[in-house]
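Q: Chains as they are written, first to last, in our numbering: chain A, 5 to 543; chain B, 467 to 715. Let me give you the structure first, and then I'll get to my questions.
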């Protein structure tokens with residue numbers, strides 16, 4: 005059956021900082037262009053999760069009067085700390101010894117979700133048509149192989165794919181240029197990278213999983229504007245990761261943990277590492293007497309320039325972390341995501357007005373400060389494959405002495421799904437039980453995300469081989485999906501001595517970790533029905 | 467026939483509601499808001515009746531702050547023809563809402579008024595009933611099936627004992643149960659068209675309705691946390707504990 009079609013000049017997939025910046029910039033350059041933006045969340049911001057200490061460089065360029073427009077960018081960083089954690093001790097690292105990329109005194113503590121909601125208002129005021137609750141589920145191609153646009157998800161299908169009473173057919177959105185801004189591990193971006201071989205000659209992409217909790221803490225423990233990062237315990241020397249502790253407005257604390265998904269031990273549970281981290285005396289003392297009010301998790305890109313795919317192809321562009329523009333040592337990606345979108349917008353306007361080729365995107369990208377930043381940052385993450393201590397020593401030399409100008413580039417050797425070692429040769433990890441005061445289990449955590457998917461719909465976490473989890477992954481890796489999933493979507497259940505792999509897809513918070521870390525790449529994340537997924541407030 | 471459907475903006479049903487620290491209410495900042503779920507059923511039913519040719523016009527109405535308009539916009543996207551937004555800030559009680567709706571009914575002269583059986587935020591379950599009393603119209607509450615007949619509705623109600631079938635004369639007020647239907651999704655083109663449909667804005671104060679609160683809210687607090695249970699070894703121990711510790715037998 006043929007679907008309804010809508011024609012636009014530009015269709016943007018994803019309402020995060022990169023997609024919204026693209027939309028705004030296009031309208032600023034040419035108000036006559038028709039721009040449509042699709043977002044899978046029920047509202048803009050509801051699937052966004054980020055630390056976030058925000059560098060305003062891109063925003064200053066995009067909307068110089070953002071202060072007058074009452075942007076939710078208010079809490080200036082006024083104090084910084086960096087701690088190395090031992091099991092019960094901590095060592096404070098003097099901030100003057102931090103590389104300049106890790107200094108935040110000009111930055112702001114923000115909620116990225118709220119910034120995106122505000123950016124969406126600006127975009128709508130400029131005439132951008134924004135449709136939340138409509139996931140783009142399919143890429144459409146022209147006969148010559150170029151990208152023609154996207155199709156939105158059919159709504160109202162049951163588990164077996166039959167039409168329910170509420171069935172609403174998806175529709176086709178055709179565009180002169182389609183911009184993919186889905187964020188880290190976008191499911192369409194992934195297909196495009198493969199189809200157009202955009203990652204040819206690049207290193208495998210590197211990812212991390214980031215957790216975030218928002219706490220309301222006691223007044224005496226709260227210092228608005230204080231930014232703290234930690235490295236070390238509870239992770240071992242070989243596992244890449246660290247925490248962020250940001251004192252935001254209204255006595256709120258943004259508390260989070262990031263772990264590189266190149267970890268080797270299949271017994272490791274990122275969620276439990278994060279929970280355990282909070283029991284450290286230097287963290288516990290901050291949150292004690294407070295209350296956890298939000299929880300969430302999201303995969304993020306860490307590969308940097310070596311892993312950055314080509315960002316243009318016939319008819320389409322990749323922006324932000326759908327490609328991978330995050331600056332890992334800076335622990336920031338919002339400003340680079342926005343900048344990549346703004347460059348994309350210039351490219352698109354030149355293409356539509358002067359009939360230039362989309363490949364000019366690359367040259368523009370290389371000439372901009374985003375490239376300069378990512379180039380200087382490129383060696384930090386790979387150096388941590390030597391372990392935390394050597395990584396820090398190297399990073400000190402690379403970032404402080406040479407300011408990222410060392411005349412060589414370290415490579416990423418493995419994709420994250422290749423790094424797990426067999427379960428029987430790796431140590432089991434005994435995680436403490438949650439106390440429900442400082443530490444929690446996954447069940448009570450998923451409740452705080454507000455996630456939901458209409459019950460009777462096709463499962464959006466698809467197995468290429470449905471027998472593989474039990475037949476292979478369970479035996480070899482003790483089925484790590486049970487542990488790397490931050491909300492317990494995957495379970496091994498034993499029914500009459502028969503082991504069964506259960507997917508509780510209703511709980512999914514769209515973090516994409518399974519799609520990345522599954523050792524055989526057996527799990528594929530696809531879009532569920534529109535509006536499904538978490539309902540994050542000010543993440 | 468003309469149907470007026472009342473919709474309310476509430477905290478989304480997926481959100482874990484948090485009580486404000488000072489006990490004056492619940493937190494609504496940075497919280498996802500949506501249309502009260504049974505109100506979606508009310509809109510859907512009205513649209514279905516219109517599609518069957520038995521109604522000519524559907525007017526969606528909401529009472530609340532500026533952003534409450536979003537719920538009217540959603541109703542317009544699934545098939546309502548036009549909207550009315552009665553602007554009023556702060557807490558507004560069911561009696562005041564009923565009185566406002568009464569004024570709108572007098573102005574719009576609909577044959578039917580539909581709304582959800584209750585709102586999931588205050589759980590009052592009063593507005594429909596009070597409106598029917600104010601209008602002196604028949605009411606059918608908790609409707610799980612509606613059949614439109616000549617100047618009558620045959621309605622199946624969800625009651626404690628099971629299902630009750632009643633007949634009411636038109637005009638009538640009907641409050642809708644979640645089992646009434648499965649609300650449709652708005653399609654992209656319909657959302658776009660809805661942006662162009664008119665929403666009339668009226669200030670509550672211009673209607674001459676007294677909206678001041680009659681109920682004094684003293685304190686809002688979280689329900690007490692359930693304590694973890696214990697396992698007993700045998701019936702004797704259970705009886706002993708029920709007798710001596712719980713003191714229930």
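The beta-carbon is built from N, C-alpha and C at its ideal position, and this holds for glycine as well.
Hey, would you say residue 115/A sits closer than 9 Å to residue 56/A, going by beta carbons?
A: By one-based count along the first chain, residue 115/A stands at place 111. By one-based count along the first chain, residue 56/A stands at place 52. For residue 115/A and residue 56/A, yes; Cβs fall inside 9 Å.
Q: Helix or strand or just coil, what does DSSP make of residue 521/B?
A: Counted from its first residue, the second chain places residue 521/B at position 55. Coil.
Q: DSSP state of residue 411/B, grouped into three classes?
A: The structure shown does not extend to residue 411/B, since chain B is modelled only from 467 through 715, so no value can be given for it.
Q: Do the CB positions of residue 653/B and residue 46/A come within less than 9 Å of each other?
A: Here the question's residue 653/B lines up with position 187 in the second chain. Here the question's residue 46/A lines up with position 42 in the first chain. Cβ atoms of residue 653/B and residue 46/A: not closer than 9 Å.
Q: Would you list, in sequence order, the uninterrupted beta strand (DSSP E) runs of no fewer than 3 residues that lie entirely inside the region 556-619 of chain B?
A: DSSP runs (the beta strand (DSSP E)) wholly in the region 556-619 of chain B: 578-582 and 605-615.
Q: Identify whether residue 169/A lies in helix, strand or coil by the three-state DSSP scheme.
A: Indexing the first chain from 1 puts residue 169/A at position 165. DSSP places residue 169/A in strand when its eight states are reduced to three.
Q: Terminal residues of the continuous beta strand (DSSP E) containing residue 13/A?
A: As a working note, residue 13/A is residue 9 in the first chain. Residues 9-17.
Q: Under a Cβ-count criterion, where at least 16 other Cβ atoms within 10 Å of its own Cβ denotes burial, should residue 42/A be classed as buried or exposed?
A: Here residue 42/A corresponds to residue number 38 of the first chain, with the count starting at 1. Counting Cβ neighbours within 10 Å, residue 42/A comes out buried, since at least 16 surround it.
Q: Any C-beta of chain B sitting closer than 9 Å to the C-beta of residue 138/A?
A: As a first step, residue 138/A must be located in the first chain, where it is residue number 134. Closer than 9 Å: yes.
Q: Along the chain, where does the beta strand (DSSP E) containing residue 234/A start, and where does it finish?
A: As a working mapping, residue 234/A is identified with position 230 in the first chain. 230-236 is the extent of the beta strand (DSSP E) around residue 234/A.
Q: Cutting at 6 Å between CB atoms, please list the residues of its own chain near residue 668/B, excluding the five before and the five after it.
A: Along the second chain, one-based indexing puts residue 668/B at 202. Hits under 6 Å: 552.
Q: Is the closest heavy atom of the ligand FMN to the C-beta of residue 31/A under 8 Å?
A: With respect to the ligand FMN, the structure offers nothing, as it holds no ligand at all.
Q: Could you say which of 343/A, 292/A, 103/A and 533/A lies nearest to residue 406/A if we only look at CA atoms?
A: Residue 406/A sits at position 402 when you count from the first residue of the first chain. Selected option, being the one with the closest Cα: 103/A.
Q: Can you pull the chain A residues whose beta carbon is under 8 Å from the beta carbon of residue 478/B, in chain order?
A: Along the second chain, read from residue 1 onward, the residue named residue 478/B stands at position 12. Near residue 478/B (Cβ distances below 8 Å), the residues of chain A are 46, 454 and 539.
Q: Alpha carbons only, please: which of 502/B, 482/B, 511/B and 478/B is nearest the one belonging to residue 621/B?
A: The residue given as residue 621/B occupies position 155 in the second chain. Taking only the C-alpha atoms, the option nearest residue 621/B is 511/B.
Q: Quick check: what's the CA-CA separation for residue 565/B versus residue 709/B?
A: The residue labelled residue 565/B in the question sits at position 99 within the second chain. The residue labelled residue 709/B in the question sits at position 243 within the second chain. So the alpha carbons of these two residues sit roughly 53 Å apart.
Q: Determine the contact status of residue 538/A and residue 129/A, defining contact as a CB-CB distance below 9 Å.
A: Counting from one through the first chain, the residue named residue 538/A turns up at place 534. Counting from one through the first chain, the residue named residue 129/A turns up at place 125. Taking 9 Å as the Cβ cut-off, residue 538/A and residue 129/A do not qualify as a contacting pair.
Q: Please list the segments of the beta strand (DSSP E) lying wholly inside the region 77-161 of chain A, counting only runs of 3 or more residues, in order along the chain.
A: As far as the region 77-161 of chain A is concerned, its whole beta strand (DSSP E) runs of at least 3 residues are 83-89, 94-97, 133-136, 140-145, 151-156 and 159-161.
Q: With a threshold of 9 Å between beta-carbons, can residue 93/A be considered close to chain B, or not?
A: The residue given as residue 93/A occupies position 89 in the first chain. False, the Cβ-Cβ gap to chain B never drops below 9 Å.
Q: Residue 666/B: which of 642/B, 688/B, 509/B and 539/B sits nearest, CA to CA?
A: Taking the first residue of the second chain as position 1, residue 666/B is located at position 200. When each option's Cα is compared against that of residue 666/B, the closest is 539/B.
Q: Using only CA atoms, which one of 196/A, 226/A, 235/A and 265/A lies nearest to residue 254/A?
A: Looking up residue 254/A in the first chain gives position 250. Taking only the C-alpha atoms, the option nearest residue 254/A is 226/A.
Q: Using a Cβ cut-off of 8 Å, pull out every chain A residue sitting near residue 498/B, in sequence order please.
A: If you number the second chain from 1, residue 498/B lands on position 32. Result: 46, 47, 50, 454, 539 and 541.
Q: If you follow the alpha helix (DSSP H) that residue 704/B is part of, which residue opens it and which one closes it?
A: As a first step, residue 704/B is located in the second chain; it is residue number 238 there, counting from the start. Here the alpha helix (DSSP H) through residue 704/B covers 701-710.
Q: Can you tell me whether DSSP reads residue 184/A as helix, strand or coil?
A: The count along the first chain starts at 1 and reaches residue 184/A at position 180. Note: residue 184/A maps to strand in three-state DSSP.
Q: Quick check on residue 647/B - is its C-beta less than 9 Å from some C-beta in chain A?
A: For the purposes of this step, residue 647/B is taken as the residue at position 181 of the second chain. Output row for residue 647/B: interface = yes.
Q: Could you tell me which uninterrupted alpha helix (DSSP H) segments, each at least 4 residues in length, are contained entirely in the region 621-700 of chain B, listed from first to last along the chain?
A: Whole alpha helix (DSSP H) segments, 4+ residues: 654-662.
Q: Pull up the distance between the alpha-carbon of residue 681/B and that of residue 608/B, whole angstroms please.
A: By 1-based counting over the second chain, the position of residue 681/B is 215. By 1-based counting over the second chain, the position of residue 608/B is 142. Computed Cα separation, rounded: 25 Å.
Q: Answer yes or no: does any C-beta atom of chain B fall closer than 9 Å to that of residue 115/A?
A: In the first chain, the residue the question calls residue 115/A occupies position 111. At least one chain B Cβ lies under 9 Å of residue 115/A.
Q: If you follow the beta strand (DSSP E) that residue 275/A is in, where does it begin and where does it stop?
A: On the first chain, position 271 is the one that residue 275/A refers to. Taken as a continuous stretch (DSSP letters only), residue 275/A belongs to no beta strand (DSSP E), being part of the alpha helix (DSSP H) at 274-281.
Q: Examine the Cβ distances between the region 56-71 of chain A and the region 469-479 of chain B and report whether three or more of them are shorter than 8 Å.
A: With the cut-off at 8 Å, the region 56-71 of chain A and the region 469-479 of chain B do not touch.
Q: Can you find at least 3 beta carbon pairs, one from the region 295-308 of chain A and one from the region 354-371 of chain A, that sit closer than 8 Å?
A: Flag = no, the region 295-308 of chain A and the region 354-371 of chain A do not touch.
Q: Strictly under 9 Å for the Cβ-Cβ distance: is residue 220/A near chain B by that measure?
A: The residue you call residue 220/A lines up with position 216 of the first chain. Residue 220/A counts as touching chain B.
Q: According to a CB-to-CB cut-off of less than 9 Å, which residues of the region 12-35 of chain A neighbour chain B?
A: So the list is empty, because no residue satisfies the distance condition.
Q: Only counting the same chain, and skipping five residues up and downstream in sequence, which positions put a Cβ closer than 6 Å to that of residue 339/A?
A: Within the first chain, the letter at position 335 stands for residue 339/A. Hits under 6 Å: 59, 61 and 62.
Q: For the region 311-325 of chain A against the region 142-155 of chain A, are there 3 or more C-beta pairs whose distance is under 8 Å?
A: The answer is yes - the region 142-155 of chain A touches the region 311-325 of chain A, with three or more Cβ pairs under 8 Å.
Q: Would residue 490/B be called buried (16 or more neighbouring beta carbons within 10 Å of its own) or exposed?
A: In the second chain, the residue the question calls residue 490/B occupies position 24. Residue 490/B comes out exposed.
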